[in-house]
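Chain order of the listed sequences is C and S.
Just so you know, we're using the numbering used here here: the first sequence kicks off at 296 and counts up by one.
Just so you know, we're using the numbering used here here: the second sequence kicks off at 466 and counts up by one.
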Amino acid sequence: MKILVCISDVPDTTTKVKFKDDNTAFETAGVQWVINPWDELSLTRAVEMKEKTPGLIDNITVVTVGPKESEATIRKALAIGADNAIRVDALPKDAFYVASQIAEAVKNENFDIILTGIDSADYNGSAVGGMLAEMLDLTSVSSVSSLNAENSKVTVTREIEGGTETIEAATPFLAIVQKGIAIEPKIPAMRGIMMARTKPLKVVEPADSETLTHIEKFEMPQAKGACKKFDAEGVDELVNLLHNEAKMI
Amino acid sequence: MNKMQKEKSGAFIVNETDSNDVFIPEEFNEEQLMIADTCRSFIDTEVAPHFEQIDKGDRALMRDVLKKSGELGLMGVSIPDNYGGFGQDFVTQMLAAEVIGSAYSFSVAFMAHTGIGTLPIMYYGNEDQRQRYVTKLASGECLGAYCLTEPGAGSDANSGKTTAVLSEDGKHYILNGQKMWITNGGFCDTQVVFAKIDKDRILSAFIVESDWEGVEIGQDEHKLGIKGSSTTQIYYNDVKVPVENLIGKRGEGFRIALSILHMGRMKLGANVIGAAKSAVTLSVNYANERKQFGTLIANFGAIKYKLAEMVIRVFAHESAIYRVSKDIDVLMDDYKKTYEDAGRAAIDAISHFAVEDAILKVYGSEMLDYVVDEGVQIHGGMGYSAEMGIERGYRDSRINRIFEGTNEINRLLIVESMIKFAKKGNYDLFGEAEKLNESINDLCEMKIEGGYYEQKMTTISHFKKVIALVIKAFTNSFKSIAQEQEIQNNIANMIMELYITESLALRVKKIEDTHNNASLPLYKDILDVKLYDAARIINKEALEAIASFSETAEDRIPLVNAIKALTDVPLVNVKDARRRIADKIIEENRYKI
């Protein structure tokens, strides 16, 4: 069985977000880049499955769309346990562009399972997974919180309204994963770090693809206002303020 | 980076260093950063959630966490791959030590195991000993300890009374004696034990397994800090140690002990950086939450002063740590070309830098004490509460000034080593001082001119002149300088300020020359404040020293005038500089500069 994990290079989640060029671009100076947390958990699960049942998973590949600078993130993925990597040498312009590039890069590779994070920590678009499944003409399962495989039988659990649903999925398929897929991201061991430098990292040229969106401008969310507290007896005052000051009711 | 020059320990006292020849933390490569990241993730996920429980003395938990670090390969960072490790260079070892340093008692246990518990066997053991023990220590299968100190032998380590007598059949040494302050004593599997064979004057070193008959481990000591670290006495009652477990040669133990302490001091110098950065983060987190008089306390100048001073000292110390770490790597590579054994090459390169390792041990441990002390102060009353992490940091910091050679011993070592190496001809300290003495009145006319870095480097060269003059006058005045510890302290303090400040200046210059770094103006603020302070400290220590031994006012006048002139630096608006440094930390809400 071959697994592909799509990874995205995103700013560390503690980054102080700033914009430049009249709020039309993200200020990247001083930013630490990391593997998108959902993608890291997806990779962790893939590696767990490979380690738990020898012979079940032949190969784990990671793919990213990004410039040369994103190779540090790719090598971390190799250190965690991916066997090889593909980098599409292009800036990830929007979800359609990224999905198109990945689809083009992997369409002949016959992966049994493709994993994408439910969204990326930078733009939170939640779009690449669905688009990629469509482009590769694959079944997709969204909101996946658990993934297990035994021989060729693969079961996934996904979140549905009011509960969860466990289904058996025929390969090949694409899973859009979220919380629960793995408990903690796997920490690269020293041996993994040493091996990462020898694992294959293929760089491919981007395919022709259009972008369907462009960024007009960024805005910072408004700072949170002060919090007012009321006694349990102060319902009348609460209603008054919600009506006259907050104008919510 | 240019090809690094091979440095001699202490040579900075007279030589000028090109900033291209120093390594700076901004040059860590991707793999080094990934190793640091792994150490950080391990601390965050496997150690930090248990800080409290570890501090309660849960030894089984400590052992379990140590083993997990072994499984991840962290115990093998310094060990060559043929003994189950990953053969990383010294810079990488120090970076890993820095990150681990933020983990309170775990850090002490981990460093004792990987350093003094493992490396005597790695560096001085034979192939059989390395295969039998180092492989298991590198993987965490066995946990190690180092047993040197005795009730009557602390700083005077060679005065230990533990004995090893060869058995009649010549197969064993029979070990008898008592050791104390043994880190990891309560759960270690192997021990490196120092004892005297028969009536030898000098120690020998042995590998002892904790479960051998006659090894008796005492109860854990109740300590001021590092409560999670097991510290015990160990008694040896007719313990049969196979002769194959003698490390190195008979009588080589004292040399082994001292060399390993050199290494331990260097690593301690790296540990304190991690602990200090963590204390800065805790403190700024609190300052950014705590309101008084209707505003966050982070907005107060008195708090900004503290935060800035914490950062200045950490950043400066860090500059010196990685400078010498690379110097060690360069020397180690050179030694490996001629040495038969890579282990001996490694330890000889590390212990070559005796002046620097003593500086970094003293400066680093005092830097951390300053940082945690001001950290508690920023926390106010909450800083005194065991609920806050800074309280643990404060208690745990104190031991660093005591172990790995007290700071008192290390201050003496700084001066004695520097004079010894000068007399050996490694650098011409006394010749330089003689030349300065010949034209001492001209020194009062020396000007600080030129561009930013030229001015800084000229000021630093003036510090070197002051120290050379004081050392020369000192050694001329006393037959036995060992009796004058107060004056040695004055000189040690000057040498420390010089090395730390020069390393900082070289780092900032290299960043400006080779890196496009948005924080450069802040780094210059750090340098401005540190250099200004260093001039004041050197002025005070030099004048105090001279006043202590120069008999008549007439003798003193030219030297005192020269010292005053050479330590006279332009005024700096340190208030605004410190505020800018603090504002950056406050904005980031963590140690990030």
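The beta-carbon is built from N, C-alpha and C at its ideal position, and this holds for glycine as well.
As the structure is a computational prediction, the values presented were derived from the model and not from experiment.
Item: Cutoff 8 angstroms: A541/C Cβ touching any chain S Cβ; Value: no
Item: Where K313/C meets chain S, residues with beta-carbon distance less than 9 angstroms; Value: Under the 9 angstroms cutoff, chain S gives no residues; its nearest Cβ is about 10 angstroms from K313/C.
Item: When Y892/S, L1008/S and D990/S are compared against V1037/S, the one with the closest alpha-carbon; Value: D990/S
Item: Beta-carbon proximity check, K371/C vs M883/S, cutoff 8 angstroms; Value: no
Item: Cβ pair L877/S, A887/S closer than 8 angstroms; Value: no
Item: Strand pairing of C301/C, partner residues [DSSP]; Value: V358/C
Item: E1061/S and S926/S closer than 8 angstroms at C-beta; Value: Because chain S spans 466 through 1058 in this model, residue 1061/S falls outside it and cannot be assessed.
Item: Pair within 8 angstroms by beta-carbon distance, R1001/S and A773/S; Value: no
Item: CA-to-CA distance, A744/S to Q757/S, given in whole angstroms; Value: 22 angstroms
Item: Any chain C beta carbon closer than 8 angstroms to M466/S; Value: Here the model assigns M466/S a pLDDT of 41, short of 50, so the residue's position is not dependable, and the following value carries that caveat. With 8 angstroms as the cut-off, M466/S does not count as an interface residue toward chain C.
Item: Segment contact, 8 angstroms Cβ cut-off, at least three pairs: the stretch 670 to 686 of chain S with the stretch 651 to 659 of chain S; Value: yes
Item: Entirely enclosed alpha helix (DSSP H) segments - the stretch 636 to 670 of chain S, minimum 4 residues; Value: none
Item: The stretch 317 to 334 of chain C / the stretch 296 to 306 of chain C touching (three or more Cβ pairs under 8 angstroms); Value: yes
Item: Alpha-carbon spacing of Y800/S relative to R809/S, whole angstroms; Value: 9 angstroms
Item: Where the alpha helix (DSSP H) through V423/C begins and ends; Value: V423 to M430
Item: Whether V401/C touches L469/C by CB criterion (8 angstroms); Value: no
Item: Proximal residues, the stretch 480 to 514 of chain S versus chain C, C-beta separation under 8 angstroms; Value: E495, E496, L498, M499, I500, D502, T503, S506, F507 and T510
Item: G605/S vs G535/S beta-carbon contact at 8 angstroms; Value: yes
Item: Min CB distance M489/C to chain S below 8 angstroms; Value: yes
Item: Short-range partners of chain C found in the stretch 965 to 992 of chain S, where Cβ spacing is below 7 angstroms; Value: A983
Item: Proximal residues to I965/S (C-beta, below 8 angstroms), its chain only, five neighbours per side dropped; Value: A781, H782, S784, A785, I824, Y828, K995 and A999
Item: Beta-carbon neighbours of F420/S, restricted to chain C and to distances below 9 angstroms; Value: What is shown of chain S runs 466 to 1058, which leaves residue 420/S out entirely.
Item: is_contact[A444/C, chain S] using C-beta, thresh 8 angstroms; Value: no
Item: Per-residue contacts from I482/C into chain S (C-beta, under 8 angstroms); Value: T503, S506, F507, T510 and L537
Item: R340/C at chain S interface by Cβ criterion, 8 angstroms; Value: no
Item: Alpha-carbon spacing of T461/C relative to L431/C, whole angstroms; Value: 24 angstroms
Item: Interface residues of chain S facing G325/C [CB-CB closer than 9 angstroms]; Value: N982, A983, S984 and K1057
Item: Residues of its chain near M466/S, where Cβ-Cβ distance is below 6 angstroms and the 5 sequence neighbours each way are ignored; Value: Residue confidence is low: M466/S scores 41 on pLDDT, short of 50, so the model does not pin down where it sits. Its coordinate-derived value is still stated next. For M466/S, where only same-chain residues beyond five positions count, there are no Cβ hits under 6 angstroms.
Item: Partner residues on chain S for K371/C, Cβ-Cβ distance less than 8 angstroms; Value: M499 and D502
Item: A670/S Cβ short of 7 angstroms to the ligand FAD heavy atom set; Value: In the structure on display, the ligand FAD does not appear, and there are no ligands present to speak of.
Item: Continuous alpha helix (DSSP H) assignments of at least 4 residues falling wholly in the stretch 706 to 769 of chain S; Value: 718 to 752
Item: Chain S within 8 angstroms of A367/C, Cβ atoms only; Value: yes
Item: Exposure label - G916/S; buried when at least 16 CB within 10 Å; Value: exposed
Item: Beta-carbon contacts of S474/S that lie in its chain and below 8 angstroms, excluding the five residues immediately before and after; Value: H817, F818, A819, V820, E821, S882, F886 and N891
Item: Exposed unless 16 or more other CB atoms sit within 10 angstroms - verdict on E312/C; Value: The sequence given here places Val at residue 312/C; Glu does not occur at that position. Per the 10 Å Cβ criterion, exposed.
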